Each structure stands twice: as C-alpha cells, then as structure tokens.
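Undergrad:
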Amino acid sequence: MDQHLEVFIAVAEKKNFSRAAEELHMTQPAVSQYIRAFEREIGTRLLERTNKYVKLNKAGEIVYDHGKEIVGLYTKMQGLVDDLTNKTSGPLAIGASYTFGEYILPHVIADMLEEHPLVNPAISIGNTRDIAEFVLKHQLDVGIVEGDFRHEKLVIEPFAEDQMFIVAAPGHPLAQEENITPQELEKERWIIREIGSGTRKAADNMFAAINISPKKIMEFGSIQLIKESVEAGLGISLLSQWAIRKELAMGSLKKIQVDGLPFTRKFSIVTSSPYRTKALDTFLAFVREASSGDRPPAR
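In terms of UniProt numbering, the sequence shown is residues 1 to 299.
Here it is, written out as structure tokens:
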C-alpha cells in the first residue's frame, strides 16, 4: 500500500504531525515531507495547518474518505491471499449494533479466540445505519445489525430472531396490571433510541402495529442509559430479551403484559463482498452457533 496515503491518514486522524510521527515510528520532518509529496501528487492542499492543530479541508475530506476505503480493500485482499496457505488468523474488523454488540458479541469473541487465538478482532459499536455505512465503505469486514434491514449494495443474511418486551420499573402502575390496552400505553412516557437505531425502528414498528402515537417520548443513545432510566421510573421502553436478562432476574425491571407481545425482529449479517477470509468465516460460524438458542452462551 502507498506509504504516502498511510501517512496522510495518520495525520488526518491524529490532527497533529508529532502524534502521527510517533504512531508511525517516523520523525516529524519525515512526516511533513511525505505530506508535501502527497499533496503535490494529488495536485492540491489537503490540510489546513496552524500552530495548534491540523485539520482536513474539503479536498482532504474527500481523499481521507476514499483513502480509508482503499486501506480497507487492501487489508481484505491481503487477508484473502494469506488464507490460501495459512491457518485462521489475522485482523478482523467487526461492527455491531448496540444490542448484539453489547450483550452477545463479547461471548462470541471469547469463544472464538479460545479456539482461534491468532485472529485479531477489532470491534466497533454503533447504530444499524452507521454500521452498514462502514461495511459499505470497506472500513468493516462485517456488520451485525438489527431489524428488517435492506440495502441494494450489501449482502444481507438474516440469521436470528430476537424477542422484544415492554418493560417498566417494578413499582410502575402498569407493572401491577393485566390486560393492558394500547390506549394506556399511548399515555405513558416512552424512553427509546435515536432514529437510525434498529431498536428505535422496532419501537416505531410496534407503535404502528398496535395503532398508537405516544406524545411523551425521550430519546437516548444508549441501551444501558435507557434501562437505568426505566428502573428509575422515568418511563417505559421496548427492549430486547438479551438486553434485559439480568435485570429481569434481579427484579429491577418487569415485563408489562400486553396482547400481541413479545414483538419480534431479526438480526442480520451484513457484508460487502462475496470473498471472505478464514477469520471472517470462522467468526460467522460462532455467531450463528451462539444465536441458535434463545440466549447467548454463558461464561
């Protein structure tokens, strides 16, 4: 891979020539020389420099975005070639939406590394929309996303179903009732994820399915924060069975009994290429195995 591009990406991410030089094990003058040569090759300045910081200009943003894609493709190509003769090993960039990434993925990775210690996974957690975008740009080898996700340029494989329940604090009035009506749910304060999240899409789909439009909504960007808020009595929420196992067992959350629930959604594997390294195929085998039951493996 072109070292000029590698140096440019390091400077862009560190926003500092000295820190980039330290990461690349180069001198600062050498880094500066590489950047000047790279800008001459591209034909324009890519960085705005001051005494305090370095930042990308518009041209730099374009080069950085495509450069990251080039690096991702190069790494994938190298891994595929290495796979022809070597054991399951090498880097593996994994992205996952919050529910799978926080509550299932750690068990999957631990089990995989126990049998294949030469695999070097790097994990990114984000909402479904962001993870899919990173896979599309080849910055991730694979994504695990929530909901009925579709994209014409990505390979999408639904592999597991997730049950979702409405939960409240044990002392919440609805937690004491049976045969709760949609109209009662509509009056409550709902604590839900942001738009772009698979969990948010599931909540919106459930609202449509039971024909309600709650007026009191709070958006939080973390499932853990939502759970803490529900436990504190701020409102109710729709959450995955995997996200609430511990809280239900400890009694800090309680399922609200509603006709038509649990609500179900799918988890899907998202890739951008039909070519897969041994490390990726191995990881996907562990993902499918862990999700074949109704809970992640215990450790």
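Using N, Cα and C, we set each Cβ at its ideal position, and we do this for glycine too.
As the structure is a computational prediction, the values presented were derived from the model and not from experiment.
Report the residue ranges of all beta strand (DSSP E) runs contained in full by the segment 90-140; include only those spanning at least 3 residues, in chain order.
TA: Those beta strand (DSSP E) runs which fall completely within the segment 90-140 and span 3+ residues are 90-96 and 119-125.
Undergrad: Mind checking whether Val31 and Phe17 have CB atoms under 7 Å apart?
TA: In this structure, Phe17 lies closer than 7 Å to Val31 by Cβ.
Undergrad: If we call anything under 7 Å between Cβ atoms a contact, is Ala168 one with Ile210?
TA: No.
Undergrad: Note the first and the last residue of the continuous alpha helix (DSSP H) segment covering Gly221.
TA: No alpha helix (DSSP H) holds Gly221; DSSP gives it neither H nor E.
Undergrad: Identify every residue that forms a DSSP beta bridge with Ala160.
TA: Paired residue(s): Phe267.
Undergrad: Considering Cα atoms alone, identify which of Arg36, Glu146 and Ser252 is closest to Lys227.
TA: The shortest C-alpha separation from Lys227 is found at Ser252.
Undergrad: Determine the DSSP secondary structure at Ile144, reduced to helix, strand or coil.
TA: Reduced to three states, the DSSP call for Ile144 is strand.
Undergrad: Would you kindly check if the distance between the Cβ of Val270 and the Cβ of Val145 is under 7 Å?
TA: Cβ distance < 7 Å, so Val145 and Val270 count as in contact.
Undergrad: Name, in chain order, the residues that DSSP records as bridge partners for Lys255.
TA: According to DSSP, Lys255 bridges with Val167.
Undergrad: Residue range of the beta strand (DSSP E) that Ile191 falls in?
TA: Per DSSP, Ile191 belongs to the beta strand (DSSP E) from Trp190 to Ile192.
Undergrad: Leaving out five residues before and five after Val230 in sequence, what residues of the same chain have Cβ atoms less than 7 Å from its Cβ?
TA: Excluding positions up to five away in sequence, the list reads Val167, Ala168, Ala169, Ile191, Ile236, Ser237 and Leu253.
Undergrad: Decide if the segment 268-287 is in contact with the segment 168-183; the criterion is three or more beta carbon pairs, one per stretch, under 8 Å apart.
TA: No contact exists between the segment 268-287 and the segment 168-183.
Undergrad: Considering Cα atoms alone, identify which of Gln224, His151 and Lys153 is closest to residue 306.
TA: In the structure displayed, the chain extends from 1 to 299; residue 306 sits before or after that span and is not available.
Undergrad: Identify which residue in Ala93, Asp148 and Leu5 has its Cα closest to the Cα of Asp281.
TA: For Asp281, the nearest C-alpha among the options comes from Ala93.
Undergrad: Looking only at DSSP bridge pairs, what is Arg49 linked to?
TA: BP columns for Arg49 point to Val54.
Undergrad: Among Val54, Met250 and Val135, whose alpha-carbon lies nearest the alpha-carbon of Val71?
TA: Comparing Cα positions, the closest option is Val135.
Undergrad: If you draw a straight line from the alpha carbon of Leu73 to that of Glu133, how long is it in whole angstroms?
TA: Whole-angstrom Cα-Cα distance: 15 Å.
Undergrad: What residues in its chain sit with their C-beta under 7 Å from that of Ile217, if we drop five residues either side in the sequence?
TA: These residues qualify, in order along the chain: Trp190 and Ile192.
Undergrad: Might you give, ordered along the chain, the residues of its own chain that have their beta carbon closer than 7 Å to the beta carbon of Arg150, omitting 5 neighbours on each side?
TA: Taken in chain order, the residues that qualify are Ile156.
Undergrad: Can you name, in chain order, every residue of its own chain whose Cβ lies under 6 Å from the Cβ of Ile9, other than the five neighbours on each side?
TA: For Ile9, where only same-chain residues beyond five positions count, the Cβ hits under 6 Å are Gly67.
Undergrad: Assign Ile195 to one of two classes, buried (16 or more other C-beta atoms within 10 Å of its C-beta) or exposed (fewer than that).
TA: Burial call: exposed.
Undergrad: Ignore the nearest five residues each way along the sequence and tell me which others in Glu48's own chain have a CB closer than 6 Å to its CB.
TA: Cβ within range, chain order: Lys55 and Asn57.
Undergrad: Considering only DSSP beta bridges, list what Ile236 is partnered with.
TA: The partner list for Ile236 (beta bridge, DSSP) reads Trp190.
Undergrad: If you draw a straight line from the alpha carbon of Asp294 to that of Lys76, how long is it in whole angstroms?
TA: Here the model assigns Asp294 a pLDDT of 45, short of 50, so the residue's position is not dependable, and the following value carries that caveat. So the alpha carbons of these two residues sit roughly 33 Å apart.
Undergrad: Nearest CA to the CA of Asn205: which residue from His25, Phe263, Gly101 and Asp162?
TA: With distances taken between Cα atoms, Asn205 lies closest to Phe263.
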